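Everything on this sheet refers to the single structure shown next.
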Amino acid sequence: MNLSKEYISLYNEYLKAINDIKKEVKLIRTIQKITIKRKERATQEEILELEDENYMIDEASKGKKVGNKIYNFSNGDVYIGKIIDNKMNGKGIYTFLEGIEYIGEFKDNMKDGSGICKFSNDNEYIGEFKEDTMSGIGQMIYASGNEYIGNWLSGKRNGKGIYKWHDGSIYVGEFKNNKMDGYGECFDLNGNLIYKGQWKNNLANGEGKYIWEDGKWYEGEFLHGKRHGKGTFYLNNELVYEGTWKFDKPSIFNRTLDEIFSFII
Numbered sequence: 000m001n002l003s004k005e006y007i008s009l010y011n012e013y014l015k016a017i018n019d020i021k022k023e024v025k026l027i028r029t030i031q032k033i034t035i036k037r038k039e040r041a042t043q044e045e046i047l048e049l050e051d052e053n054y055m056i057d058e059a060s061k062g063k064k065v066g067n068k069i070y071n072f073s074n075g076d077v078y079i080g081k082i083i084d085n086k087m088n089g090k091g092i093y094t095f096l097e098g099i100e101y102i103g104e105f106k107d108n109m110k111d112g113s114g115i116c117k118f119s120n121d122n123e124y125i126g127e128f129k130e131d132t133m134s135g136i137g138q139m140i141y142a143s144g145n146e147y148i149g150n151w152l153s154g155k156r157n158g159k160g161i162y163k164w165h166d167g168s169i170y171v172g173e174f175k176n177n178k179m180d181g182y183g184e185c186f187d188l189n190g191n192l193i194y195k196g197q198w199k200n201n202l203a204n205g206e207g208k209y210i211w212e213d214g215k216w217y218e219g220e221f222l223h224g225k226r227h228g229k230g231t232f233y234l235n236n237e238l239v240y241e242g243t244w245k246f247d248k249p250s251i252f253n254r255t256l257d258e259i260f261s262f263i264i
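If you read the sequence shown in numbering that gives the first Met the number 0, its first letter stands for residue 0, the second for the next number, and so on.
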């Protein structure tokens with residue numbers, strides 16, 4: 000069984016949202032180059048005001064907008080973008096001293112909206128942010144070559160998404176707190192279905208079906224990634240065993256066949 004049209008459609012839907020963000024980021028990059036070329040640097044006073052968390056804006060200055068400027072902060076960080084009400088608001092680029100770079104939308108000094116964040120470990124996130132955390136639709140390209148595209152909540156993979164390993168194998172399904180959790184399907188590098196069913200903590204857990212090859216599969220209950228509970232095993236499309244399983248092995252009277260044979264011997 001190959002990847003269904005439903006999952007291909009889902010991936011393309013996510014990818015369209017990501018590509019739209021990339022286009023926006025490209026425009027911000029252009030603004031950055033123009034600002035640097037014009038040497039539009041913030042004054043020391045403007046920088047000190049922005050760094051001061053207790054700085055109060057008077058009524059006359061509320062809503063004041065400052066055009067794109069370069070802000071070289073005292074801690075080594077650099078911001079290029081707009082300032083509204085003495086805070087980073089709108090589109091801009093923030094480069095941290097430790098090597099992290101964010102290009103995108105800001106709201107009240109926080110990453111909020113859509114953008115791209117390149118981390119110091121070479122992971123790259125392209126997607127939506129909410130109050131400084133990855134939330135919404137986003138794609139993470141890991142330095143390992145793995146990739147996740149789908150839903151995020153509070154900085155973690157949450158909801159429906161697609162995870163692709165560098166070897167080409169794919170998981171499509173539900174996530175919770177960064178882990179495969181809920182219903183999902185796993186495919187090998189050729190797009191053949193390996194497992195479909197329930198997951199918990201990155202392992203098959205609950206009702207599911209595991210397929211080795213055509214004509215050979217197990218369907219039933221899983222626990223912590225093992226065949227455990229009631230299930231059936233087929234070989235050459237014929238039923239070989241139907242009954243209870245205990246940690247990947249057929250079980251009779253709550254004992255595996257190996258345990259039973261050891262008593263006989």
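Idealized CB from N, CA, C, for every residue including glycine.
Bear in mind the structure is a predicted one, so any value in this text is a computation, not a measurement.
Selected residue, minimal CA-CA separation from residue i, among the options
| i | options | result |
| --- | --- | --- |
| Met139 | Asp166, Asp111, Asn177, Gly112 | Asn177 |
| Lys4 | Phe246, Gln197, Trp211, Gly190 | Gly190 |
| Tyr13 | Gly196, Gly135, Ile33, Lys245 | Gly135 |
| Glu50 | Tyr78, Lys25, Asn18 | Tyr78 |
| Asn53 | Lys86, Val65, Thr42, Gln31 | Lys86 |
| Lys36 | Asp84, Lys199, Lys21, Asn67 | Asn67 |
| Asn120 | Glu130, Tyr6, Asn108, Ala142 | Ala142 |
| Glu48 | Asn71, Tyr93, Arg28 | Asn71 |
| Glu237 | Lys245, Thr243, Asp213, Glu220 | Asp213 |
| Asn201 | Trp216, Thr243, Cys185 | Cys185 |
| Trp164 | Asn157, Gly154, Asp187, Ser153 | Asp187 |
| Trp211 | Gly224, Tyr233, Lys225, Lys229 | Tyr233 |
| Trp151 | Ile27, Tyr124, Gly207, Glu23 | Tyr124 |
| Leu9 | Lys21, Tyr147, Ile30 | Tyr147 |
| Asn157 | Phe174, Asn204, Asp180, Gly167 | Phe174 |
| Lys229 | Gly149, Gly219, Tyr240 | Gly219 |
| Ile282 | Tyr217, Thr29, Gly205 | In the structure displayed, the chain extends from 0 to 264; residue 282 sits before or after that span and is not available. |
| Phe221 | Lys215, Lys199, Tyr240 | Lys199 |
| Asp76 | Lys215, Glu97, Val65, Val24 | Glu97 |
For residue i, three-class secondary structure by DSSP
| i | result |
| --- | --- |
| Lys63 | coil |
| Ile259 | In this prediction, Ile259 has a pLDDT of 38, which is less than 50 and means its spatial position is unreliable; what the coordinates show is noted afterwards. Looking at Ile259 - three-state DSSP - the assignment turns out to be helix. |
| Lys4 | helix |
For residue j and residue i, believed in contact at Cβ under 8 Å, the rounded distance
| i | j | result |
| --- | --- | --- |
| Lys106 | Gly112 | 7 Å |
| Lys90 | Glu104 | 6 Å |
| Tyr209 | Gln197 | Not a contact, Cβ separation roughly 12 Å. |
| Lys110 | Phe128 | 4 Å |
| Ile69 | Arg40 | 5 Å |
Bounding residues of the beta strand (DSSP E) (the contiguous stretch that carries residue i)
| i | result |
| --- | --- |
| Leu202 | 202-212 |
| Leu192 | 192-199 |
| His223 | Looking at the DSSP string, His223 is not in any beta strand (DSSP E), and its letter there is neither H nor E. |
| Glu241 | 237-245 |
| Ser250 | 248-251 |
Any C-beta of chain C under 9 Å from that of residue i
| i | result |
| --- | --- |
| Asn18 | Looking for chain C here will not work: only one protein chain is present. |
(request) Return the chain-ordered ranges of every beta strand (DSSP E) run that is complete within the segment 133-178 and spans a minimum of 3 residues. (result) Counting only runs of 3 or more, we get 146-152, 155-163, 169-175.
(message) Just to confirm the assignment: which complete alpha helix (DSSP H) runs, minimum length 4, are found wholly within the segment 6-56?
(response) Counting only runs of 4+ residues, the alpha helix (DSSP H) found wholly inside the segment 6-56 occupies 43-50, in chain order.
(request) Please go through the segment 81-127 and give each complete beta strand (DSSP E) segment of 3 or more residues, from N-terminal end onward. (result) As for any beta strand (DSSP E) of minimum length 3 sitting wholly inside the segment 81-127, the runs are 86-94, 100-106, 109-117, ordered along the chain.
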